[in-house]
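Asker:
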Amino acid sequence: MTKIKWSMLNTGNAKIIIYDISGREIQTIVNETLNPGSYEATFDGTRFASGVYFYRLTAEGYGETRKMMLIR
22 MTKIKWSMLN TGNAKIIIYD ISGREIQTIV NETLNPGSYE ATFDGTRFAS
72 GVYFYRLTAE GYGETRKMML IR
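Numbering-wise, the numbering used here puts 91 at position 70 of the sequence shown, and it's gapless, one number per residue.
(1) Quick check on residue 73: buried or exposed, where buried means 16 or more other Cβ atoms within 10 Å of its Cβ?
(2) Flag this pair as yes or no: are the beta carbons of residue 79 and residue 36 separated by less than 8 Å?
(3) Please name the residue, chosen from 90, 26, 83, 82, that lies closest to residue 50 on a Cα-to-Cα basis.
(4) In chain order, what residues of the same chain have a beta carbon less than 6 Å from the beta carbon of residue 28, not counting five sequence neighbours either side?
(5) Quick one: grab the DSSP three-state call for residue 46.
(6) If you draw a straight line from the alpha carbon of residue 92 to that of residue 71, how long is it in whole angstroms?
Shown next as structure tokens:
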């Protein structure tokens with residue numbers, strides 16, 4: 022399990038998508054309109070193989086991609 026935390030300054034759509042090392046989308050964990058505030062989403066990797074994964078957070082003009090390691 023991995024927790025991803027972020028804050029919204031304005032009301033808007035937030036999306037977090039998990040990708041495998043090949044760039045294939047494997048799961049969308051957030052896709053909703055959120056009010057200003059702090060948020061946390063959990064990625065449960067129990068059904069995925071160990072390895073490198075990426076998550077992309079996009080929210081109203083902001084986008085960031087981060088790498089994460091899944092180790093079992």
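Note that CB positions come from ideal geometry on N, CA and C, so glycine has one too.
Answerer: With the structure as the only source:
(1) exposed
(2) yes
(3) 26
(4) Sequence-distant partners of residue 28 (beyond 5 residues in either direction) whose C-beta falls short of 6 Å from its own C-beta, in its chain, are 59.
(5) strand
(6) Going from the Cα of residue 92 to the Cα of residue 71 covers about 5 Å.
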